[in-house]
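Undergrad: In terms of the working numbering, the sequence shown is residues 16 to 193. All residues carry an ideal CB built from backbone N, CA and C; glycine is no exception.
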Amino acid sequence: MSSDGAATEQTIGVRGRRVRRWWRSVTVTAFLIGAAVVAAVTYLGPTRSDQETTAAAAQALDAAKQGAVALLSYTPTSLGDDLAKARTHLTGEFLTYYSQFADQILIPAAKQKDVHATASVVRAAVIDAHADTADVLIFVNQNTTSKDNPVSVPAASSVKVGLTKVDGAWRISSFDPV
16 MSSDGAATEQ
26 TIGVRGRRVR
36 RWWRSVTVTA
46 FLIGAAVVAA
56 VTYLGPTRSD
66 QETTAAAAQA
76 LDAAKQGAVA
86 LLSYTPTSLG
96 DDLAKARTHL
106 TGEFLTYYSQ
116 FADQILIPAA
126 KQKDVHATAS
136 VVRAAVIDAH
146 ADTADVLIFV
156 NQNTTSKDNP
166 VSVPAASSVK
176 VGLTKVDGAW
186 RISSFDPV
């Protein structure tokens, strides 16, 4: 080969190295961008989900406390309003059950025996919470008076409250003494 051939080979070699370096730079840059995207999604994705779950837990906790007080507090003079208010905190099969229980047992007994009940939640904690379901443990004190027992009778109980988010609001879907 002549010196022209060697020069051409050298030029091709230099160009080849430049092309390889360019592709190496492109590959490394693409890899770094991809890694940054994966890291951002991995880091920020669960954080957003955790924040949503934390907010859901706080809302569910509040709904469980308010709903329990509404369910367990009533007087004969305002029984219709008290039960209507309680029903606004309920959903699903538990709403159906509570409505039947109220109509068949609670209303007749409360009127006949002049039962007055007041409830307060003394402690509550979220057991499990998701975006649209939650379980809450509540500790309730309920004081009851009646014609037969005019002296307030306190009762303490613990209840596992199941909640479901319906149309953006938390509703009680189960109410199980534990």
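Going by DSSP, which residues form a beta bridge with isoleucine 120?
TA: Residue 120 sits at position 105 when you count from the first residue of the sequence shown. Answer is none; isoleucine 120 lacks a bridge partner.
Undergrad: Terminal residues of the continuous alpha helix (DSSP H) containing alanine 146?
TA: Taking the sequence shown and counting its residues from 1, the one referred to as residue 146 is at position 131. No alpha helix (DSSP H) holds alanine 146; DSSP gives it neither H nor E.
Undergrad: Flag this pair as yes or no: are the beta carbons of leucine 98 and isoleucine 120 separated by less than 9 Å?
TA: Here residue 98 refers to the residue found at position 83 of the sequence shown. Here residue 120 refers to the residue found at position 105 of the sequence shown. No.
Undergrad: According to the Cβ coordinates, are lysine 175 and valine 151 closer than 9 Å?
TA: Mapped onto the sequence shown, residue 175 falls at position 160. Mapped onto the sequence shown, residue 151 falls at position 136. It is a contact, given that the beta carbons lie within the stated cut-off.
Undergrad: Count the other CB atoms, across all protein chains shown, that sit within 10 Å of the CB of alanine 85; report buried if there are 16 or more and exposed otherwise.
TA: Numbered from its first residue, the sequence shown carries residue 85 at position 70. Alanine 85 should be labelled buried.
Undergrad: Just the Cα atoms here: how many angstroms apart are threonine 106 and aspartate 129?
TA: To locate residue 106, count along the sequence shown from 1; it is residue 91. To locate residue 129, count along the sequence shown from 1; it is residue 114. Their backbone Cα atoms lie some 28 Å apart in a straight line.
Undergrad: Could you spell out where the alpha helix (DSSP H) holding glycine 100 opens and where it closes?
TA: In the sequence shown, residue 100 corresponds to position 85, counting from 1. Note that residue 100 is lysine in the sequence shown here, rather than glycine. DSSP places lysine 100 in the uninterrupted alpha helix (DSSP H) bounded by 94 to 102.
Undergrad: So, is alanine 132 buried or exposed, given that buried needs 16 or more other C-beta atoms within 10 angstroms?
TA: Residue numbering aside, residue 132 sits at position 117 when the sequence shown is read from its first letter. With 16 or more other Cβ atoms within 10 Å, it is buried.
Undergrad: Considering only residues of the same chain and omitting the five flanking positions on each side of alanine 78, which have a CB-CB separation below 8 Å?
TA: The count along the sequence shown starts at 1 and reaches residue 78 at position 63. Contacts found: His104, Leu178, Ala184, Trp185, Arg186, Ile187.
Undergrad: Is it right to say leucine 47 is buried, meaning 16 or more other beta carbons lie within 10 angstroms of its own, or is it exposed?
TA: Numbered from its first residue, the sequence shown carries residue 47 at position 32. Leucine 47 is exposed by the Cβ-count criterion.
Undergrad: Report the three-state DSSP secondary structure of serine 135 (helix, strand or coil).
TA: To locate residue 135, count along the sequence shown from 1; it is residue 120. For serine 135, the three-state secondary structure derived from DSSP is strand.
Undergrad: Candidates Arg39, Val43, Val52, Leu87: which alpha carbon is nearest serine 173's?
TA: Walking along the sequence shown from the start, residue 173 turns up at place 158. That would be Leu87, whose Cα lies nearest to the Cα of serine 173.
Undergrad: For alanine 139, which residues from the same chain have a beta carbon less than 8 Å from its beta carbon, with the 5 sequence-adjacent residues on both sides left out?
TA: Taking the first residue of the sequence shown as 1, we reach residue 139 at position 124. Once the five neighbours on either side are set aside, the close Cβ partners of alanine 139 are Leu76, Ala79, Lys80, Val151, Leu152, Ile153, Phe154.
Undergrad: Count the other CB atoms, across all protein chains shown, that sit within 10 Å of the CB of lysine 162; report buried if there are 16 or more and exposed otherwise.
TA: Taking the sequence shown and counting its residues from 1, the one referred to as residue 162 is at position 147. With fewer than 16 other Cβ atoms within 10 Å, it is exposed.
Undergrad: CA-CA distance, proline 91 and asparagine 164?
TA: For this step, residue 91 is matched to residue 76 along the sequence shown. For this step, residue 164 is matched to residue 149 along the sequence shown. If you draw a straight line from the Cα of proline 91 to the Cα of asparagine 164, it is about 15 Å long.
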